[in-house]
Amino acid sequence: MPDSKRTRENSLTPRLEQKLVLTKTEKFYLNILSTPLHLLKEKYLPVMEVEDYAVAYSEDLHQVLVGLLPFLGLSDNDEKIAEYIIYNIDSRGKVRISAEEIAEKFGIGSFHAQELIELVLTEFSEEISQNTGGQFNEYVEPDVIITPEKVEVLRIEVKDPIIMKALEMRAETLYKICEEIRKVNEYFLRGYRKYPQILTMRHISKIINLHTSTISRAAKGKYASTPVGTLPLRLFFGKIINPQIVKNEIKRLLEIDSSLTDSHLALILKSEGINISRRTVNKYRKQVSTATKEGKA
Numbered sequence: 000m001p002d003s004k005r006t007r008e009n010s011l012t013p014r015l016e017q018k019l020v021l022t023k024t025e026k027f028y029l030n031i032l033s034t035p036l037h038l039l040k041e042k043y044l045p046v047m048e049v050e051d052y053a054v055a056y057s058e059d060l061h062q063v064l065v066g067l068l069p070f071l072g073l074s075d076n077d078e079k080i081a082e083y084i085i086y087n088i089d090s091r092g093k094v095r096i097s098a099e100e101i102a103e104k105f106g107i108g109s110f111h112a113q114e115l116i117e118l119v120l121t122e123f124s125e126e127i128s129q130n131t132g133g134q135f136n137e138y139v140e141p142d143v144i145i146t147p148e149k150v151e152v153l154r155i156e157v158k159d160p161i162i163m164k165a166l167e168m169r170a171e172t173l174y175k176i177c178e179e180i181r182k183v184n185e186y187f188l189r190g191y192r193k194y195p196q197i198l199t200m201r202h203i204s205k206i207i208n209l210h211t212s213t214i215s216r217a218a219k220g221k222y223a224s225t226p227v228g229t230l231p232l233r234l235f236f237g238k239i240i241n242p243q244i245v246k247n248e249i250k251r252l253l254e255i256d257s258s259l260t261d262s263h264l265a266l267i268l269k270s271e272g273i274n275i276s277r278r279t280v281n282k283y284r285k286q287v288s289t290a291t292k293e294g295k296a
């Protein structure tokens, strides 16, 4: 009997998102799962009591965004301008300088400056929204630590058994997801790859027997402390990487060896952590070629 009860409890998570009507307990669990660690602390810990082993370094929002800049695939000059824009985001999440001021400072067109502003605000909207509205000076705190060797979910301890059970289930769900991320991203975590290996939520759902919407809830608003920086979990599901990255890499590789075929390019890009089909490589290759010719004209 105890075994059957344990089986029912372990199979609770996959079923939750598939039910038409959720119980109050199930809704409470999903709410806990969706909540980042720093908000759980604010709600359930009257005093910030965190065990020493669970303390991971945190970074200021500006530093976090700057650390994510390489994943936007910008040129060196545009990345420098984007960094300037980031450090001019105020406590309301607004940019303190105009496109005209940026254009004058860096000697670029106002339209291009506005494009960069919109790119930063759009791609990093989640990070900005979580740390503005009076919370801008707070730190972005990771929910999990991922290294090439192991995954460690950061936890809090509460006395209420119902809340504690929900927190344990949250930790178990995050662990399963992040363990799959760790397995396929060992080279990235060791610094051997420039970009992470992208996973789909559907793929993970089949491996760990969780509904895709449950995985989406678990990843939303969560951060992982890794050897390459504090990164949002959504990065590993391809939510940040800009298509321009692929174009820049294709251009760089063709400058090294213009005889590379589309299949060769796809294979090299895959080794860097960018999964892309030969057909898509061909499409981007044509765009790169056209842009290069227009630039020379």
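Sequential numbering from 0 applies to the sequence shown in numbering that gives the first Met the number 0. Where a beta carbon is used, it is the ideal one built from N, C-alpha and C, also for glycine.
Checklist entry - Going by beta carbon distance, what residues of the same chain come within less than 7 Å of Glu78, once the five residues before and after it are set aside? => result Translated into the one-based positions of the sequence shown, residue 78 becomes position 79. Non-local C-beta neighbours of Glu78 in its own chain, meaning closer than 7 Å and more than five positions away in sequence, comprise Leu68, ordered along the chain.
Item to check | Neighbourhood of Ile244 by C-beta, 8 Å cutoff - its chain only, sequence neighbours within 5 removed | outcome: As a working mapping, residue 244 is identified with position 245 in the sequence shown. These residues qualify, in order along the chain: Phe70, Leu71, Gly72, Tyr194 and Ile273.
Item to check | Identity of the residues DSSP links to Glu329 by a beta bridge | outcome: Because the chain is modelled from 0 through 296, residue 329 falls outside the range shown and cannot be assessed.
Next on the checklist: According to DSSP, is Gly66 part of a helix, a strand, or is it coil?
Outcome noted: The count along the sequence shown starts at 1 and reaches residue 66 at position 67. Looking at Gly66 - three-state DSSP - the assignment turns out to be helix.
Checklist entry - Run through DSSP, which three-state label would Val287 get? => result Within the sequence shown, residue 287 is the residue found at index 288, counting from 1. The answer is helix: DSSP assigns Val287 an H, G or I state.
Item to check | C-alpha distance - Gly220 paired with Tyr283, whole-angstrom precision | outcome: What you label residue 220 is simply residue 221 of the sequence shown in a count that begins at 1. What you label residue 283 is simply residue 284 of the sequence shown in a count that begins at 1. Going from the Cα of Gly220 to the Cα of Tyr283 covers about 31 Å.
Checklist entry - Nearest-angstrom Cα distance between Arg216 and Leu21? => result Position 217 of the sequence shown holds residue 216. Position 22 of the sequence shown holds residue 21. Cα-Cα distance, rounded: 15 Å.
Item to check | Three-state class that DSSP yields for Ile267 in the structure shown | outcome: Counting from one through the sequence shown, the residue named residue 267 turns up at place 268. Of the three classes helix, strand and coil, the one that applies to Ile267 here is helix, per DSSP.
Checklist entry - Relative to the alpha-carbon of Ser109, which residue among Leu209, Ala98, Glu117 and Val119 has its alpha-carbon at the smallest distance? => result Along the sequence shown, one-based indexing puts residue 109 at 110. Minimum Cα distance to Ser109 is reached at Ala98.
Checklist entry - For Ile88, which of helix, strand or coil comes out of DSSP? => result Looking up residue 88 in the sequence shown gives position 89. Of the three classes helix, strand and coil, the one that applies to Ile88 here is strand, per DSSP.
Checklist entry - Which of helix, strand or coil does DSSP assign to Val157? => result For this step, residue 157 is matched to residue 158 along the sequence shown. DSSP, read as helix, strand or coil, puts Val157 in coil.
Next on the checklist: Tell me which residues share the same chain as Ala299 and place their Cβ nearer than 7 Å to its Cβ, disregarding the 5 neighbours each side in the sequence.
Outcome noted: Look at the range of the chain in this structure, 0 to 296, and you will see that residue 299 is not part of it.
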